[in-house]
Structure formats: C-alpha cells, structure tokens
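Comments concern the structure below.
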Amino acid sequence: MTKTALLLFACLSAGLLAADDDWPRWRGPNDDGMARGSAPVEWNDTKNIAWRVSIPGRGNSSPVIWGDRIFLTTAVPAGDAKPAVPAPSPAGGPGRGAGGGAGAGREYKFVVMCLDRKTGKVLWERTAKVASPHEGYHNKYGSFASNSPVTDGKHVYAFFGSRGIYCYDLDGKLIWDKQFSPMQMRMQFGEGTPTVIDDKAVYLKFDHQGGSYMVALDKRTGKEIWKVDRDEDSSWAPPLVIEHEGRKQVVVAATTKVRSYEPATGKLIWECGGLGANVIPAPIVRRGILYVMSGYRNPNMLAIRLGRTGDLTGTDSIIWKNDRGNSYTPSPVLHDEKLYFVTDNGTLSCLNALSGQPYYQQQRLPKPCSIKSSLVGANGNLYISTEDGDVVVVKMGEKFEVLATNSLSDQMFIATPAVAGGSMYLRSTDSLFCVRQ
50 MTKTALLLFA CLSAGLLAAD DDWPRWRGPN DDGMARGSAP VEWNDTKNIA
100 WRVSIPGRGN SSPVIWGDRI FLTTAVPAGD AKPAVPAPSP AGGPGRGAGG
150 GAGAGREYKF VVMCLDRKTG KVLWERTAKV ASPHEGYHNK YGSFASNSPV
200 TDGKHVYAFF GSRGIYCYDL DGKLIWDKQF SPMQMRMQFG EGTPTVIDDK
250 AVYLKFDHQG GSYMVALDKR TGKEIWKVDR DEDSSWAPPL VIEHEGRKQV
300 VVAATTKVRS YEPATGKLIW ECGGLGANVI PAPIVRRGIL YVMSGYRNPN
350 MLAIRLGRTG DLTGTDSIIW KNDRGNSYTP SPVLHDEKLY FVTDNGTLSC
400 LNALSGQPYY QQQRLPKPCS IKSSLVGANG NLYISTEDGD VVVVKMGEKF
450 EVLATNSLSD QMFIATPAVA GGSMYLRSTD SLFCVRQ
C-alpha cells in the first residue's frame, strides 16, 4: 500500500471512529437508547455544567449530534405576542380533549438550529417555514417542534409534520423540502413522530384521525419512492429500520397492528395485533426479537420473534407478553439482554429480554415525579429525566439501585437527552445544557 493510500485509509478510519461517538438519531447510534461512551453521574446548577444556551420558542424535539455539531428544532411565535387562541377542530376532526388544542391560532417560525458541541455557540439558524398551524398541541407536553430530527453526517433532516420536512447540509444550505396535507391528531394532542432514515431513504409516518399513511422519500432529492395507506388512528411511535437474516425491513408499531414493510417497495412483510391505544414508545430489536409496547388503554408489550411472514397475531412468534408497568410515553432501553422501561408516574421495571421474567418491576423512584422523556443508558448507568428538572441515575443490572438524583432549578424535561464524547446534552423547555465532568 502506498503512503498516499495509507494516509487516505487512516483519515477514513479516523472519521469512522469519530462518528462512533455521535448521537445521530433520537434513540442513539444503535436505536436502543444506549450511548457508546460514558456520561457524568452527578451534577447540579453549579457542578459539571459546561454551558447553558437559551433556546427560543417552544420545542420538545431531542437534539442530535454529529462531529462537533448539535442540531435541534423549535417553533418561535412570529409577529405580536398575543396569547394563542386554540383553533377549532377541522370538520370531521377529533376535537379538543383534556389538555389538547393549545398553541394554535397564531403564526410561528419553524426553525432549525445548529450549535457548537464544545461551547454551545449557535453556528447557524434557519427558518424552514412561517405558518399558522391548523390545530394545537397538548398544553403541557406538546409543541409544534416535537418531531426529533436525524442526521447521516452529510445532511440533517428536520421534520415538522404538517409543516413539511426540510433537508439541509451541515452548513445550513437547504437541499430540498417536501410539504404534506394537515394531520388531525387525536384530541389535538399534537404531532411528534421522529424522523427515520437509512442509507437511501427517509421514512415518515402519518398516523392520525384523518387517513393514515407512511411514505418513503429519496434522501438525496425528497422524491417520493412509495406511499402506503395505514388502517390506524393517531400514534406516535417512529418506524424502525432493521435487518434480519440478510433482509431489511421497516417496522412500525401502532394500535391496530404492528407492521413490517419492505424498504424498497412498501410491500407488507408481516403484521401482528395486540397493542393498546395511543402507541408512543419506539420499537426496539435485539437477537432477532422485536419489542413493542403500549401503556395507555389496554396496555401490552409484545416480544415478537422475527423470521415469518403474514399475520403473526396469536401465533408462537409472540414469545412473551407483559401488561404490568408499561410505558405510556417514554421509550425503553435494551442492554445486556435486559429491557428497562418506566411509567409516566415514575416506576421503573427491568425484565429479562429473552424470557420476559422480571428482575424487578415497578420500583418507585426516590420522589414523586412525572416522566415524558425517554430513557437513556451510558456506561452501565440508566438516566431518567423528569418534569421536575431532575435526572435520576440508576445502576443497570438485576437489582434496583439509585446512584444519584441530579436537579437543575426551574427546569422541565420533556425531550430525551443525547450523549456523546462523555457529555450529556439536556434540552429543557427553554434551554440546552451540556453536562460534562
């Protein structure tokens, strides 16, 4: 090998090693909630906070990271500062419910931001669109920027649901965008399904009350590759791209059926019923087993062995179920054949992922809390962010052991943390924090 070839190989290898420490997707580099490195265990307002940056507007999307850059989205009120008036439900729509319908009735700027990972400095900011949303969101947990973005190291894909998707290069140049018809979410709880990509396509799920569907778009151009109608009401769980026995598939969890599609065509591979309503937690896979969960009405968790086609409902492809202590909103973490999940009111469970048998179940966290943020794991520790501005750190393993409860004053965490380079990036309702030892 020539010196030039050796140098090129070294540079490529260095780039791959650098990418290994990124957090390019909402559930981390392996879509299981686990970081590849470590994160601090203890912090407070004055300890181990490397920087804090105020984020304008309102957005519950989670940050994603590539190299020295952090990407996130937000929705900033435009024009005057009059209070938002809830918009009426569209004709035939689901109407407002408990807490639903907030924020509509005024104009917003839908913004994509890029920050320096080391310092928090804003490198660029782009207004993708200015629009008046047709319906609102949950007044406590929702926002008009709840769909977490995704990056492949070349582009960042920012999805604003009914306000479209926007593809930028890492320097903020708009490459393409695509618009969609307005969604009608159940009880105006708001939109928020994360963006998902693979090597060729962007996969977007539109499960709502007005005619659900899923699309695959060409990553390079935004051109539609396929679109399939879905017999579903509102759900928020993102698609998951997996590979089993050399065959790729896109798995989507929802109320009527969990479904698997061919990535190239959208053709149905298999389906399975059994989950309850309002499916939110992300699917997760390990060793040929897919785990899907619902925690609202008729809660259920299914461990589905992959490899078959057709309707798997009621077959022995379902190797175990669980209906106790399931998450309604937060997504689980899977590590070392242990599945960790938390209820919205703060009880944690750990099950053997292969058998479904509990190591512990519904263990109460140190103080009463409410949780919407998804779990994150790093270096043998589990991180649980709460609405009260706390992050509870639990030792991963067969026994329930709380290591620390870290509090930041006057904060509320709905977004899921990102972990990269030994640092944790926490987005609250008004700021982004870098926690670094």
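Adding 49 to a residue's 1-based position in the sequence shown gives its number in the numbering used here.
Ideal Cβ placement from N, Cα and C applies to all residues, glycine included.
Just tell me which of Arg74, Pro73, Asp71 and Asp80 has its CA closest to the CA of His384. The count along the sequence shown starts at 1 and reaches residue 384 at position 335. That would be Asp80, whose Cα lies nearest to the Cα of His384.
Using CA coordinates, which residue listed in Gly470, Ser472 and Ala464 is at the minimum distance from Ser480? Taking the first residue of the sequence shown as position 1, residue 480 is located at position 431. When Gly470, Ser472 and Ala464 are compared, the shortest CA-CA separation from Ser480 is found for Ala464.
Do Tyr206 and Pro198 count as a contact pair if the criterion is CB distance below 8 Å? Counting from 1 along the sequence shown, the entry for residue 198 is found at position 149. Counting from 1 along the sequence shown, the entry for residue 206 is found at position 157. Contact flag set, yes.
Can you grab the Cα-Cα spacing for the pair Asp365 / Leu355, in whole Å? The sequence position of residue 365 within the sequence shown is 316, counting from 1. The sequence position of residue 355 within the sequence shown is 306, counting from 1. Straight-line Cα distance between these residues: approximately 11 Å.
With a threshold of 7 Å on Cβ separation, who are the neighbours of Gln406 within its own chain once the five nearest residues in sequence on each side are excluded? Sequence index remark: in the sequence shown, residue 406 carries index 357 (1-based). These residues qualify, in order along the chain: Leu400.
State the DSSP-derived secondary structure class of Ser477, mapped to helix, strand or coil. Working through the sequence shown from its first residue, we reach residue 477 at position 428. Reduced to three states, the DSSP call for Ser477 is coil.
Report the residue from Gly363, Ala326 and Thr358 whose alpha carbon sits nearest the alpha carbon of Gly345. The residue labelled residue 345 in the question sits at position 296 within the sequence shown. For the record, residue 345 in the displayed sequence is Tyr; it is not Gly. Checked all of Gly363, Ala326 and Thr358; the closest Cα to Tyr345 is Ala326.
Taking Asp282 as the reference, give the member of Gly271, Ile329 and Asp248 with the closest Cα. What you label residue 282 is simply residue 233 of the sequence shown in a count that begins at 1. Nearest C-alpha to Asp282: Ile329.
Looking only at DSSP bridge pairs, what is Glu174 linked to? Here the question's residue 174 lines up with position 125 in the sequence shown. According to DSSP, Glu174 bridges with Met162.
Determine which residues share a DSSP beta bridge with Lys316 and list them. Looking up residue 316 in the sequence shown gives position 267. According to DSSP, Lys316 bridges with nothing at all.
Whole beta strand (DSSP E) runs in the region 384-448 with 3 or more residues, listed along the chain? 387-391, 396-401, 407-413, 425-427, 430-434 and 439-444
Please specify which runs of the beta strand (DSSP E), each continuous and at least 3 residues long, are wholly inside the region 198-228, giving them in chain order. Correct list: 204-208, 214-218 and 223-227.
What distance in whole Å lies between the Cβ atoms of Glu240 and Ser195, which are believed to be in contact at a cut-off of 8 Å? Taking the sequence shown and counting its residues from 1, one reaches residue 195 at position 146. Taking the sequence shown and counting its residues from 1, one reaches residue 240 at position 191. The Cβ separation is near 6 Å, so the contact holds.
For Met236 and Val264, I'd like the C-alpha separation in whole angstroms. Taking the first residue of the sequence shown as 1, we reach residue 236 at position 187. Taking the first residue of the sequence shown as 1, we reach residue 264 at position 215. C-alpha separation (whole angstroms): 24 Å.
Helix, strand or coil for Arg235? Go by DSSP, reduced to three states. Counting from 1 along the sequence shown, the entry for residue 235 is found at position 186. In this structure, Arg235 counts as helix in the three-state DSSP scheme.
Please state the DSSP three-state secondary structure of Met461. Counted from its first residue, the sequence shown places residue 461 at position 412. The answer is coil: DSSP assigns Met461 none of H, G, I, E or B.
Helix, strand or coil for Lys249? Go by DSSP, reduced to three states. Along the sequence shown, read from residue 1 onward, the residue named residue 249 stands at position 200. Correct three-state label for Lys249: coil.
Write down every uninterrupted run of the beta strand (DSSP E) in the region 333-358 whose length is 3 residues or greater and which is fully enclosed by it, in chain order. 333-335, 338-343 and 349-354
Contacts around Asp226, its chain only, beta-carbon distance under 6 Å, and the 5 residues preceding and following it disregarded: Numbered from its first residue, the sequence shown carries residue 226 at position 177. Closer than 6 Å at Cβ, skipping near neighbours: Gly213 and Tyr215.
Return the residue from the list Val179, Tyr340, Asp360 and Thr358 that minimises the CA-CA distance to Leu351. On the sequence shown, position 302 is the one that residue 351 refers to. Looking at the Cα atoms, Tyr340 is the closest of the given residues.
Among Ala153, Gly150 and Tyr217, which one has its Cα closest to the Cα of Ala177? Counted from its first residue, the sequence shown places residue 177 at position 128. When the alpha-carbon of Ala177 is set against those of Ala153, Gly150 and Tyr217, the nearest one is in Tyr217.
Thinking C-alpha only, which one of Leu424, Gly152 and Ser423 is nearest Gly106? The residue given as residue 106 occupies position 57 in the sequence shown. Looking at the Cα atoms, Gly152 is the closest of the given residues.
May I ask you to report which of helix, strand or coil DSSP gives Gly191? Position 142 of the sequence shown holds residue 191. DSSP places Gly191 in coil when its eight states are reduced to three.
Between the CA atoms of Trp173 and Asp220 - distance to the nearest angstrom: Your numbering for residue 220 matches position 171 in the sequence shown. Your numbering for residue 173 matches position 124 in the sequence shown. Roughly 7 Å between the two C-alpha positions.
What does DSSP give as the partner residue(s) for Pro126 in the beta ladder? Position 77 of the sequence shown, counted from the first residue, corresponds to residue 126. According to DSSP, which records beta bridges pairwise, Pro126 is partnered with Tyr157.
From the DSSP output, read off the bridge partner residues of His183. Within the sequence shown, the letter at position 134 stands for residue 183. In DSSP, His183 forms no bridge with anything.
If you draw a straight line from the C-alpha of Tyr186 to the C-alpha of Pro288, how long is it? Counted from its first residue, the sequence shown places residue 186 at position 137. Counted from its first residue, the sequence shown places residue 288 at position 239. Approximately 22 Å between the Cα atoms of the pair.
Just how far apart, CA to CA, sit Gly438 and Phe208? What you label residue 438 is simply residue 389 of the sequence shown in a count that begins at 1. What you label residue 208 is simply residue 159 of the sequence shown in a count that begins at 1. Cα to Cα, Gly438 sits roughly 27 Å from Phe208.
Rounded to the nearest angstrom, what separates Asp70 and Gly202 at their Cα positions? Here residue 70 corresponds to residue number 21 of the sequence shown, with the count starting at 1. Here residue 202 corresponds to residue number 153 of the sequence shown, with the count starting at 1. Whole-angstrom Cα-Cα distance: 12 Å.
Determine the DSSP secondary structure at Val484, reduced to helix, strand or coil. Start at 1 with the first residue of the sequence shown, and residue 484 comes out as number 435. It is a strand residue.
Taking all protein chains shown into account, do 16 or more other C-beta atoms lie within 10 angstroms of the C-beta of Arg476, making it buried, or fewer, making it exposed? Here residue 476 refers to the residue found at position 427 when the sequence shown is read from its first residue. Per the 10 Å Cβ criterion, buried.
Pairwise C-alpha distance: Ala286 and Trp72: What you label residue 72 is simply residue 23 of the sequence shown in a count that begins at 1. What you label residue 286 is simply residue 237 of the sequence shown in a count that begins at 1. Cα to Cα, the separation comes out at about 19 Å.
Paired residues, beta bridge with Glu273 - DSSP: Within the sequence shown, residue 273 is the residue found at index 224, counting from 1. BP columns for Glu273 point to Leu266.
Would you mind reading off the limits of the beta strand (DSSP E) that contains Cys310? One-based indexing of the sequence shown puts residue 310 at position 261. Correcting the residue identity first, residue 310 is Tyr in this sequence and not Cys. First-last of the beta strand (DSSP E) with Tyr310: Val307 to Tyr310.
Using C-beta distances below 6 Å, list every residue in its chain close to Phe238, excluding the 5 sequence neighbours before and after it, in chain order. As a position in the sequence shown, residue 238 is number 189, starting the count at 1. The answer, listed in chain order, is Gly149 and His187.
Which same chain residues, not among the five before or five after Arg308, have their C-beta less than 7 Å away from its C-beta? For the purposes of this step, residue 308 is taken as residue 259 along the sequence shown, with counting starting at 1. In the same chain as Arg308, and ignoring 5 residues on each side of it, the C-beta atoms closer than 7 Å to its own belong to Val301, Leu317 and Glu320, in chain order.
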